[in-house]
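Visitor:
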Amino acid sequence: MSRYSPAEIEAKWQQAWQEANIFCARRDEARPKYYVLEMFPYPSGRIHMGHVRNYTMGDVVARYKLSTGHNVLHPMGWDAFGMPAENAAMASGGHPKDWTYANIATMRDQMRPLGLSIDWSREFATCDPEYYGQQQALFLDFLEKGLVYRKNAVVNWDPVDMTVLANEQVIDGKGWRSGAEVERRELTQWFFRISDFSEELLEALDGLDDWPAKVRTMQENWIGKSRGLQFAFGLNDGPDGHDRVEVYTTRPDTLMGASFIGISPDHPLARQLERERADVAAFCAEARKGGTTAEAIEKAEKLGFDTGLTCRHPFDTAWELPVYIANFILMDYGTGAIFGCPGHDQRDHDFARKYGLPIIDTFLPMDAEHDIEAAPYVPLKSERVRYTRIVAGEEAQTGEAGVEAAIEFCETNGVGQGVTKFRLRDWGLSRQRYWGCPIPVVHCETCGVVPEKKENLPVQLPYDEGGTPIDFGVPGNPLDRHPTWRDCACPACGAPALRETDTMDTFVDSSWYYARFTAPRAETPTDMAEAEYWMNVDQYIGGIEHAILHLLYSRFFARAMHICGHLPEKAIEPFDALFTQGMVTHEIYQTRDVKGRPVYHLPEEVTEGRLADGTEVEVIPSAKMSKSKKNVVDPSTIIAEYGADTARWFVLSDSPPERDVEWTASGAEAAHRHLARVWRIASEIAQTPGEADPQADEALLREMHKTIDEVTKGVDSFGFNAAIARLYAFTNSLAKSQAGQAAKTTAARTLAQLMSPMTPHLAEDIWSLLGGAGLVATAAWPKPDPAMLIDETVILPIQINGKRRGELSLPADMDKSEVEKAALAHNAVVKALDGAQPKKIIVVPGRIVNVVV
RNA sequence: GCCCGCGUGGUGGAAUGGUAGACACAGGAGACUUAAAAUCUCCAGGCCGAAAGGCCGUGCCGGUUCGAGUCCGGCCGCGGGCACCA
Numbered sequence: 083m084s085r086y087s088p089a090e091i092e093a094k095w096q097q098a099w100q101e102a103n104i105f106c107a108r109r110d111e112a113r114p115k116y117y118v119l120e121m122f123p124y125p126s127g128r129i130h131m132g133h134v135r136n137y138t139m140g141d142v143v144a145r146y147k148l149s150t151g152h153n154v155l156h157p158m159g160w161d162a163f164g165m166p167a168e169n170a171a172m173a174s175g176g177h178p179k180d181w182t183y184a185n186i187a188t189m190r191d192q193m194r195p196l197g198l199s200i201d202w203s204r205e206f207a208t209c210d211p212e213y214y215g216q217q218q219a220l221f222l223d224f225l226e227k228g229l230v231y232r233k234n235a236v237v238n239w240d241p242v243d244m245t246v247l248a249n250e251q252v253i254d255g256k257g258w259r260s261g262a263e264v265e266r267r268e269l270t271q272w273f274f275r276i277s278d279f280s281e282e283l284l285e286a287l288d289g290l291d292d293w294p295a296k297v298r299t300m301q302e303n304w305i306g307k308s309r310g311l312q313f314a315f316g317l318n319d320g321p322d323g324h325d326r327v328e329v330y331t332t333r334p335d336t337l338m339g340a341s342f343i344g345i346s347p348d349h350p351l352a353r354q355l356e357r358e359r360a361d362v363a364a365f366c367a368e369a370r371k372g373g374t375t376a377e378a379i380e381k382a383e384k385l386g387f388d389t390g391l392t393c394r395h396p397f398d399t400a401w402e403l404p405v406y407i408a409n410f411i412l413m414d415y416g417t418g419a420i421f422g423c424p425g426h427d428q429r430d431h432d433f434a435r436k437y438g439l440p441i442i443d444t445f446l447p448m449d450a451e452h453d454i455e456a457a458p459y460v461p462l463k464s465e466r467v468r469y470t471r472i473v474a475g476e477e478a479q480t481g482e483a484g485v486e487a488a489i490e491f492c493e494t495n496g497v498g499q500g501v502t503k504f505r506l507r508d509w510g511l512s513r514q515r516y517w518g519c520p521i522p523v524v525h526c527e528t529c530g531v532v533p534e535k536k537e538n539l540p541v542q543l544p545y546d547e548g549g550t551p552i553d554f555g556v557p558g559n560p561l562d563r564h565p566t567w568r569d570c571a572c573p574a575c576g577a578p579a580l581r582e583t584d585t586m587d588t589f590v591d592s593s594w595y596y597a598r599f600t601a602p603r604a605e606t607p608t609d610m611a612e613a614e615y616w617m618n619v620d621q622y623i624g625g626i627e628h629a630i631l632h633l634l635y636s637r638f639f640a641r642a643m644h645i646c647g648h649l650p651e652k653a654i655e656p657f658d659a660l661f662t663q664g665m666v667t668h669e670i671y672q673t674r675d676v677k678g679r680p681v682y683h684l685p686e687e688v689t690e691g692r693l694a695d696g697t698e699v700e701v702i703p704s705a706k707m708s709k710s711k712k713n714v715v716d717p718s719t720i721i722a723e724y725g726a727d728t729a730r731w732f733v734l735s736d737s738p739p740e741r742d743v744e745w746t747a748s749g750a751e752a753a754h755r756h757l758a759r760v761w762r763i764a765s766e767i768a769q770t771p772g773e774a775d776p777q778a779d780e781a782l783l784r785e786m787h788k789t790i791d792e793v794t795k796g797v798d799s800f801g802f803n804a805a806i807a808r809l810y811a812f813t814n815s816l817a818k819s820q821a822g823q824a825a826k827t828t829a830a831r832t833l834a835q836l837m838s839p840m841t842p843h844l845a846e847d848i849w850s851l852l853g854g855a856g857l858v859a860t861a862a863w864p865k866p867d868p869a870m871l872i873d874e875t876v877i878l879p880i881q882i883n884g885k886r887r888g889e890l891s892l893p894a895d896m897d898k899s900e901v902e903k904a905a906l907a908h909n910a911v912v913k914a915l916d917g918a919q920p921k922k923i924i925v926v927p928g929r930i931v932n933v934v935v
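Under the working numbering, the residue at position 315 of the first sequence is numbered 397, and the numbers go up by one with no gaps.
Quick look at the structure:
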């Protein structure tokens with residue numbers, strides 16, 4: 083073999099690794115463990131470049147840790163339940179299970195040539211009954227501990243498909259598939275009691291030092307802690323059982339500006355009125371229409387209905403406030419009722435103007451005019467204001483201090499109490515879907531909702547309908563209409579009963595898979611000895627798009643699993659370090675059709691900015707890869723053309739890992755050229771005897787040690803692009819070096835080692851070519867010799883008044899005063915001083931000299 | 001609206017407060033070759049200059065410092081997250 087041949091060497095070394103079984107992780111108390119995990123993929127059909135980047139980064143970490151003596155756990159699995167499988171079945175008549183497992187096989191076959199250091203013996207898919215059976219066991223344990231419960235909740239309901247839709251699946255208030263107007267329907271659903279952990283989940287964020295600050299902030303906002311006053315307005319002439327309206331406000335300092343009471347259409351008082359009065363019922367029905375998405379809400383008109391009832395203001399019982407039912411008030415935040423303060427809130431101001439309600443100020447700017455009728459006065463945080471009511475004329479701080487003062491004032495006067503609330507709501511996990519983990523409970527006429535017995539787990543999904551394949555073309559949940567699947571015996575009384583047909587949200591599947599990887603074949607959800615050894619995940623890597631839901635759910639699940647004895651206490655924060663990597667993007671080539679609509683083109687259709695027919699093509703840079711935009715680069719094609727090492731090298735080299743990287747054909751070619759060059763250089767060194775040259779040898783080895791130092795730091799801190807830049811530079815030096823064969827061999831072997839986490843196959847080949855012992859994958863990571871990192875002479879820039887005016891080559895250990903002398907003797911300095919004394923000389927050893935004149 | 005983050009050559013980007021532009025892409029010049037490919041050598045922020053060298057330069061304005069891409073304040077622009085949240 084005389085040239086770099088990735089196809090040959092990649093197959094060869096993958097086999098060598100497999101035969102040596104070096105990636106199989108076994109508990110070993112003698113070695114420090116290191117658990118590196120990338121967010122596992124959804125088996126959509128084929129892997130994409132984003133996967134390659136994600137898993138390559140994880141692989142760099144895993145291989146590096148392996149060579150620094152760690153016992154590395156680096157598993158892979160499949161997040162395999164979900165709607166795309168059902169949609170594919172609807173579209174093509176197949177079965178979600180077949181579709182999913184076929185995709186897994188395809189993607190595994192695509193992934194293996196990447197040469198990832200994965201322990202494939204731990205692989206599982208969340209749709210394996212062995213996995214979801216354990217998930218059902220977890221569910222039952224959670225149920226026993228009160229961590230999961232059933233309640234009524236308002237959901238997006240698609241009346242044609244007869245299923246609940248996630249918010250993301252509602253487009254312009256219509257079901258994304260059926261196009262039917264989505265209804266807000268109340269259903270009995272299962273919920274995880276995640277909101278009980280609000281405070282804890284919030285506070286524990288502080289300890290996650292190795293998480294991106296951005297992710298912590300996003301979770302903090304999501305949990306949404308707020309401080310406010312909860313109190314009641316007395317209700318005049320309310321229906322039976324209703325003599326007050328509870329309200330929560332974060333702005334008790336505006337209480338004197340109240341001008342109406344608003345309640346949710348789902349508020350108990352509204353419900354009561356609805357039953358009694360047709361006009362209320364009509365309004366509530368109208369108000370409930372439309373989805374719960376942000377988009378739908380944005381567009382919905384703010385509607386109010388005057389009930390004719392009035393409330394008494396707590397500080398002035400003669401002051402009467404009208405009670406409105408309003409469509410913008412949410413039942414599941416606060417108390418489902420508000421007081422409107424048009425003077426200090428834009429939405430309330432709009433509402434007041436629409437319904438002719440009074441607009442009252444409680445405070446005004448310190449020294450500016452403000453027309454409260456024209457616009458509400460919303461002070462900035464901590465702005466000083468002057469009060470116009472209650473304590474008229476007094477100055478006060480708004481913001482946190484103002485709120486606390488108002489709470490105190492109200493409490494002292496017997497009006498309500500200060501409370502802390504969270505935005506985080508309980509996690510509704512019920513889905514009216516087939517392709518998910520069945521919720522393991524049974525509905526019995528006499529016993530009610532009864533948990534399935536653990537020995538009856540897993541409650542398996544039926545594959546067919548009593549011999550005939552399930553028809554996914556029919557709307558609704560196939561489990562609901564299955565002729566026999568629902569029928570079972572009540573686990574409590576033995577009478578005939580019906581199974582729950584809802585399945586779990588797929589986020590449940592991914593909320594504990596990291597724990598399952600520590601003992602994937604255990605007969606219980608986890609094996610505590612294994613979990614104790616392997617947890618936590620030392621480095622978790624994935625996309626920022628999971629910053630909230632997946633990561634928050636996982637944090638909740640780890641806590642819940644600990645409570646149930648399935649994880650040790652140390653694992654309640656399961657991910658010690660988190661890294662969120664950027665996407666792989668690619669240019670889009672776009673033209674327009676006669677109607678001005680965009681038409682997309684494959685890269686091969688475009689030559690020098692034009693199509694074959696001469697049409698000019700617009701190039702849109704850095705776009706997310708998507709099939710419809712025709713800008714997808716298939717990893718398998720790249721691997722076939724250049725080899726896996728080139729793909730790996732490229733996705734790491736061009737951008738910092740947390741940022742997006744643009745895939746370019748020229749960049750990929752350049753990466754490949756470089757790897758071929760490295761191979762060629764190494765092979766020449768092996769074949770070309772050369773005498774030692776003390777000076778050149780020394781210079782090369784010094785640079786080698788500096789490279790070791792910098793690459794190690796780069797790999798340690800996710801500075802892969804910088805590490806790679808250093809490796810390029812070192813390769814250039816090696817190519818030019820006049821050193822002897824021995825020194826060059828040492829340098830090239832070290833280069834192979836330093837490249838091995840990124841380009842493992844090439845590294846093995848060079849390593850063996852140059853007589854390295856064993857596999858480079860398991861060879862000890864090189865250590866820089868501190869003595870070799872310090873140069874004997876350094877080039878010191880000379881600044882005059884902070885501007886570079888020259889440089890001096892001086893011994894590195896030279897005395898500060900000697901350096902000063904040398905600097906003062908420098909031409910430029912002499913010239914600048916012109917005989918005068920310098921005002922100041924700053925010497926930063928080894929870095930710079932600055933002469934102030 | 002609220003909360004984050006980011007602005008450096010033609011491009012991706014590098015730079016513990018200490019020589020701005022490492023490394024690479026694209027580009028240019030040359031060597032080798034009948035030619036091409038491959039490979040190798042060199043040039044390359046802007047302006048002035050034959051050169052030596054000088055001046056300017058990290059979105060804009062100011063500040064701190066011997067010294068600012070980096071720290072602080074204000075502005076402009078871009079991107080992301082959240083939001084009828086009371």
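The beta carbon of each residue, even a glycine, is placed where N, CA and C say it ideally should be.
1) What alpha helix (DSSP H) runs, 4 residues minimum, are completely inside the stretch 667 to 746?
2) Taking C-beta to C-beta, are Asp278 and Arg259 nearer than 9 Å?
3) Measure the Cβ-Cβ separation of Leu222 and Leu561 and say whether it is below 9 Å.
4) In the DSSP assignment, find the unbroken alpha helix (DSSP H) run with His948 in it and report its ends.
5) For Ser346 and Tyr437, I'd like the C-alpha separation in whole angstroms.
6) Suppose you measure from the CA of Phe433 to the CA of Arg581; what does that come to, to the nearest Å?
7) Can you list, in chain order, the residues of its chain with a C-beta nearer than 6 Å to that of Phe802? Leave out the 5 residues immediately preceding and following it.
8) Alpha carbons only, please: which of Thr392, Gly164 and Gly159 is nearest the one belonging to Arg190?
9) For Thr673 and Lys384, I'd like the C-alpha separation in whole angstroms.
10) Between the alpha carbons of Arg333 and Asp414, how many angstroms are there, rounded?
11) Just the Cα atoms here: how many angstroms apart are Glu687 and Ala694?
12) Here's the rule: buried if 16 or more other CB atoms are within 10 angstroms of the residue's CB, otherwise exposed. What is Tyr231?
13) So what does DSSP say about Glu377, is it helix, strand or coil?
14) Can you say whether Asp240 is buried or exposed, counting buried as having 16 or more other CB atoms within 10 angstroms of its CB?
15) Given Gly772, which residues of its chain have a CB within under 8 Å of its CB, disregarding the five upstream and five downstream residues?
16) If you check the beta carbons only, do Leu506 and Ile521 fall under 9 Å apart?
17) Name the residue from Trp567, His156, Gly140 and Ser174 whose alpha carbon lies nearest to the alpha carbon of Arg109.
18) Flag this pair as yes or no: are the beta carbons of Arg755 and Thr813 separated by less than 9 Å?
19) Considering only residues of the stretch 280 to 329, which uninterrupted alpha helix (DSSP H) runs meet the minimum length of 4 residues and lie entirely inside it, listed in chain order?
20) Within its chain, find whatever has a CB closer than 6 Å to the CB of Asp141; leave out the 5 residues flanking it on each side and keep chain order.
21) Within a Cβ cutoff of 8 Å, which residues of the same chain sit near Pro866, ignoring the five residues on either side of it in sequence?
22) Looking only at its own chain, which residues have a Cβ that is under 6 Å from the Cβ of Lys818, when we skip the five neighbours before and after it?
23) Would you give the residue range spanned by the alpha helix (DSSP H) that Leu439 belongs to?
24) Please work out which residues of its chain come closer than 8 Å, Cβ to Cβ, to Ser203, disregarding the five sequence neighbours upstream and downstream, and give them in chain order.
25) Going by beta carbon distance, what residues of the same chain come within less than 6 Å of Ile720, once the five residues before and after it are set aside?
26) Quick check: what's the CA-CA separation for Trp95 versus Ser815?
27) Decide if the stretch 208 to 226 is in contact with the stretch 528 to 542; the criterion is three or more beta carbon pairs, one per stretch, under 8 Å apart.
28) Below 7 Å CB to CB, which residues in the same chain sit around Leu649 once its five sequence neighbours on both sides are set aside?
29) In the DSSP assignment, find the beta strand (DSSP E) that holds Lys922 and state where it starts and stops.
30) Would you kindly report the start and end of the unbroken beta strand (DSSP E) that includes Ile104?
31) How many angstroms separate the CA atom of Cys526 from the CA atom of Asp210?
32) Tell me the residue span of the alpha helix (DSSP H) that contains Arg333.
33) Hey, out of Ile626, Asn909, Ile763 and Asp779, whose CA is closest to Val297's CA?
34) Mind reading off the beta-carbon distance from Gln354 to Pro321? Whole number of angstroms is fine, and I expect it under 8 Å.
35) Quick check: the stretch 585 to 605 against the stretch 629 to 640, are there 3 or more CB pairs under 8 Å?
36) For the stretch 193 to 249, which segments carrying the alpha helix (DSSP H) assignment without a break, of at least 4 residues, lie completely within its bounds, in sequence order?
Guide: Taking the coordinates as given:
1) Complete alpha helix (DSSP H) runs here, min 4: 717 to 724 and 726 to 735.
2) The beta carbons of Asp278 and Arg259 sit no closer together than 9 Å.
3) Going by beta carbons, Leu222 and Leu561 fall outside the 9 Å limit.
4) Outside the displayed range of the chain (83 to 935) lies residue 948, so it cannot be described from this structure.
5) It is roughly 17 Å from the alpha-carbon of Ser346 to the alpha-carbon of Tyr437.
6) A straight-line Cα-Cα distance of about 48 Å links Phe433 and Arg581.
7) Leu734 and Pro739, listed in sequence order.
8) Closest in alpha carbon position to Arg190, among Thr392, Gly164 and Gly159, is Gly159.
9) Distance between the alpha carbons of Thr673 and Lys384: 42 Å.
10) Approximately 19 Å, taken between the alpha carbons.
11) Looking at the backbone, the Cα of Glu687 and that of Ala694 are separated by about 7 Å.
12) Per the 10 Å Cβ criterion, exposed.
13) For Glu377, the predicted model reports a pLDDT of 46, less than 50, meaning its position is unreliable and no value from the coordinates is stated.
14) Per the 10 Å Cβ criterion, buried.
15) So the qualifying residues of the chain are Ala821, Gly822, Gln823 and Lys826.
16) In this structure, Ile521 does not lie closer than 9 Å to Leu506 by Cβ.
17) Nearest option by C-alpha distance: His156.
18) Cβ distance not < 9 Å, so Arg755 and Thr813 don't count as in contact.
19) For the stretch 280 to 329, whole alpha helix (DSSP H) runs of length 4 or above, ordered along the chain, are 280 to 285 and 295 to 305.
20) Around Asp141: Leu198 and Ser199.
21) Here Pro866 has His787, Lys788, Ile790, Asp791 and Thr794 as same chain residues with Cβ atoms under 8 Å from its own Cβ, once five neighbours each way along the sequence are excluded.
22) There are no such residues.
23) Looking at the DSSP string, Leu439 is not in any alpha helix (DSSP H), and its letter there is neither H nor E.
24) The answer, listed in chain order, is Cys106.
25) Excluding residues within five positions, the ones whose Cβ falls inside 6 Å are Ala729.
26) C-alpha of Trp95 to C-alpha of Ser815: approximately 28 Å in a straight line.
27) By the criterion of at least three beta-carbon pairs nearer than 8 Å, the stretch 208 to 226 is in contact with the stretch 528 to 542.
28) So the list reads Ala597, Thr608, Ala613, Met617, Ala640 and Met643, once near-sequence residues are dropped.
29) Going by DSSP, Lys922 is part of the beta strand (DSSP E) stretching over Lys922 to Val926.
30) In this chain, Ile104 is not harboured by any beta strand (DSSP E), its DSSP state being neither H nor E.
31) The alpha-carbon atoms of Cys526 and Asp210 are separated by roughly 28 Å.
32) Per DSSP, Arg333 belongs to no alpha helix (DSSP H) and is neither H nor E.
33) Ranking the options by Cα distance to Val297, first place goes to Ile626.
34) Taking 8 Å as the upper bound for CB-CB distance, Gln354 and Pro321 are in contact here, some 5 Å apart.
35) Because the criterion of three Cβ pairs below 8 Å is met, the stretch 585 to 605 and the stretch 629 to 640 touch.
36) Segments of the alpha helix (DSSP H) lying fully in the stretch 193 to 249: 211 to 226.
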